[in-house]
Amino acid sequence: MNTANDDTINRRDFFTLSTYTAAISALFVSILGLLKFPMPGLFPEVSSAFKIGKPEDFPVGSTKVYQDKNVLVSRDAEGLYAVSLVCTHLGCIVSTTEKGFKCPCHGSVFDGVGSVIAGPAPKGLNWLDISRLPTGKLIVDTSKTVDTGTKMTV
Ligand code: FES
């Protein structure tokens, strides 16, 4: 039996409070969604594309690893190409070796262009799209894969 100065909460009050809390939370999330719809800049999307510089930043034989993007960009005599460092087995980040790439998680080994030498990776590392902006700068898009061996002539 509750008395006037009893601070305990009964079952009915608990469920009422829980219902109000859930309703207010849902309303708050809905309002955030409505704010985002007409003003996408309010909560910017994370872009999958990033700038890598100009073609002259990549002399023939050069390689750059973008650790924060998990991408390797390399240029050989045939052109420029980008390889994802995300292992095709379960998504670990491969490390570069003298002859290619090795996954630290389950030991997959890839050659210099990302083709599988030893599993369990089911396929080679993904090659990524490189495109040129009107300014001449190059961008790599990690959401767009291209066929292995696709190189941008620069
Ligand atoms: S995640 Fe790379 S071999 Fe398993």
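No gaps in the numbering here: position 27 of the sequence shown is 67 in my numbering, and each next residue is one more.
Each residue gets a CB set at the ideal place from its N, CA and C atoms; glycine is no exception.
Note that the structure is predicted; figures quoted are calculated from it, not measured.
Of all residues, those with a beta-carbon under 7 Å from at least one heavy atom of the ligand FES are Cys127, His129, Leu130, Gly131, Cys132, Val134, Cys143, Cys145, His146, Gly147, Ser148, Pro160, Ala161, reported in chain order. Its chain contains Ile49 as the residues whose beta carbon lies nearer than 8 Å to that of Leu57, once the 5 sequence neighbours on both sides are disregarded; these appear in chain order. Under the three-state reduction of DSSP output, Val69 falls in the helix class. Taking all protein chains in view, the Cβ of Gly154 is crowded by 16 or more other Cβ atoms within 10 Å, so the residue is classified as buried. Lys139 and Ile157 have their C-alpha atoms spaced approximately 11 Å apart.
The beta-carbon distance between Asn166 and Ser124, rounded to whole angstroms, is 4 Å. This is short enough to meet the 8 Å contact definition.
Here Ser171 is not near Ser88, since their CB atoms are 7 Å or more apart.
Bounds of any beta strand (DSSP E) do not take in Thr190, whose DSSP letter is neither H nor E. Beta-bridge pairing by DSSP links Asp53 to no other residue. Each of Lys142, Lys94, Leu120 was checked against the Cα of Thr193, and the nearest Cα belongs to Leu120. In this structure, Ile133 and Asn110 form a Cβ contact; the two beta carbons are roughly 5 Å apart against a cut-off of 8 Å. A Cβ-Cβ separation of about 6 Å places Leu168 in contact with Thr185 under the 8 Å criterion. Check the Cα spacing between Thr103 and each of Leu72, Gly131, Thr137: the tightest is with Thr137. When rounded, the separation of the alpha-carbon atoms in Asp181 and Phe90 is 7 Å.
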